[in-house]
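Residue numbers (the numbering used here): 3 to 405.
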């Protein structure tokens, strides 16, 4: 009888332990379903942005030769999807922060619906409505939160993001009326707004990280955010956008902005951070941005025919490099890993540099199609590597939670 009672207690203990584990596993599974539990927006939107970036550029290349979605053969559609599709996904993931999963799922579904409808081009008005609802919700969640900043330089994010969200709807609406000339003009000028956003956010990410590396080495970085230069960047790029109808003045403002960005980058003294390849790679992206502003300003000032080339210095060199690095950096820090120990950051930055150089060379060479193909493959390879790092981090988080 004693052994029987011991056996019964043992079986009950095993059963209760198994039941407890089952309940815990069920609870963790339910947490990943849409509900009141919160998750970080970047966990979903960075992965979606990477997949979209990997697919869109090769699809656009194939469309030009009659093998992909025909709508992507139009430069305006390709530009719109990359700026107001891909980049808005990055903005959402970076700035939205933690929120209930059911709300985040709504954001993601609206973004996906707008992207799919925009590519298959069978319901243009539904694509317009999806874009409009998505950016309206994004502005409603972000702008009041950003407006509480005390300094005017920080508050400039509110009108900047508000204007970007508004342009999403305006440009999509103009596309419904087939006014491709106006649509192309607005797309070209909107690049300056995204450049200003990259200058602001890139500086706010680089400055404290470089200062921390200086502190680790027993030094002090005096030039951190550099508020005077940042204010100058805000003023010059805003003026360049507002003076778009006067190309020479707009070009002068862009050149001044490019010089200010270069000075700001030099004053961070990244040559003292060679042990931190992640910071060097962020600096490379910021350098592409300064070069792009100088190039775009020179083209506008001189009336050169290479406007598209200058734009791609910003959209491929700067945007591609900074986007990949920021997504990887934010993801790694979220799971408490050090970006400086991830060799993929250097590799994807180098591959993106090949993409940028090839895209620029395509406009300056007789072998245009070859260089365009190289640029498309390199762009996708860089974001494929970025996706690998993000996916690896997410699976590690899930495996830890399941233990």
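Beta carbons: idealized from backbone N, C-alpha and C, even for Gly.
In this text the structure is predicted, and so the values were computed from the model without any measurement.
Assign residue 345 to one of three DSSP states: helix, strand, or coil. coil
Based on Cα-Cα distance, which residue from 157, 156, 155, 188 lies nearest to residue 171? The candidate whose alpha carbon is nearest that of residue 171 is 188.
Sub-9 Å separation of residue 324 and residue 350 beta-carbons: Against a cut-off of 9 Å, the Cβ pair of residue 350 and residue 324 comes out as no contact.
C-alpha gap between residue 107 and residue 396, whole angstroms: In a straight line, the C-alpha of residue 107 is about 17 Å away from that of residue 396.
Under three-state DSSP, which class holds residue 385? helix
In this structure, does DSSP put residue 340 in helix, strand or coil? coil
Tell whether a beta-carbon distance below 9 Å holds between residue 380 and residue 357. Yes, Cβ-Cβ distance for residue 380 and residue 357 is below 9 Å.
With distances taken between CB atoms, is the gap from residue 158 to residue 93 smaller than 9 Å? no
Closer than 8 Å by C-beta to residue 257: which residues in its own chain qualify, once you throw out the five before and the five after it? Chain order, please. 295, 296, 299, 300, 303
Give me the Cα-Cα distance between residue 211 and residue 178, rounded to the nearest whole angstrom. The straight-line gap separating the alpha-carbon atoms of residue 211 and residue 178 is approximately 45 Å.
Are the beta-carbon atoms of residue 366 and residue 308 separated by less than 9 Å? yes
Once you ignore the five residues that flank residue 128 on each side, which residues in its own chain have a CB closer than 6 Å to its CB? 119
Proximity winner among 392, 270, 229, 53, relative to residue 153 (alpha-carbon distances): Measuring from the Cα of residue 153, the nearest candidate turns out to be 229.
Is the stretch 66-81 in contact with the stretch 41-57, if contact means three or more CB pairs nearer than 8 Å? Contact fails: fewer than three Cβ-Cβ distances are below 8 Å.
Spell out a yes or no on whether the stretch 278-296 and the stretch 339-347 are touching, meaning 3 or more CB-CB pairs, one atom from each, closer than 8 Å. yes
Measuring straight from C-alpha to C-alpha, what distance separates residue 377 and residue 314? Each residue's alpha carbon lies about 11 Å from the other.
I'd like to know whether the C-beta atoms of residue 239 and residue 201 end up nearer to each other than 9 Å. yes
Going by Cα to Cα distance, which pick from 80, 197, 290 is closest to residue 64? Of all alpha-carbon atoms in 80, 197, 290, the one lying nearest the alpha-carbon of residue 64 is that of 80.
Residue 69 by DSSP, collapsed to three states: which one? coil
On the criterion of 16 or more Cβ atoms from any shown chain inside 10 Å, does residue 217 qualify as buried, or is it exposed? Label assigned to residue 217: exposed.
Who are the near neighbours of residue 97 in its chain, counting only those whose CB is closer than 7 Å to its CB and skipping five residues on each side? 144
What residues are listed by DSSP as bridge partners for residue 323? DSSP lists no partner for residue 323.
Simplified DSSP assignment, three categories, for residue 392: Reduced to three states, the DSSP call for residue 392 is helix.
Could you check where the beta strand (DSSP E) with residue 41 kicks off and where it finishes? 40-42
Residue range of the unbroken beta strand (DSSP E) whose run includes residue 101: 100-102
If I measure Cβ to Cβ from residue 335 and keep anything under 8 Å in the same chain, skipping five residues before and after, which residues do I get? Cβ neighbours of residue 335 beyond the five flanking positions: 341.
Between which residues of its own chain and residue 160 is the CB-CB distance below 8 Å, once the five residues before and five after are set aside? 145, 148, 149
Going by beta-carbon coordinates alone, are residue 372 and residue 318 separated by less than 9 Å? no
Beta-carbon proximity of residue 174 to residue 130, cut-off 9 Å: yes
Please specify which runs of the alpha helix (DSSP H), each continuous and at least 4 residues long, are wholly inside the stretch 88-151, giving them in chain order. 89-97, 103-122, 126-149
Could you work out which residue in 245, 223, 253 is closest to residue 266 when comparing CA atoms only? 223
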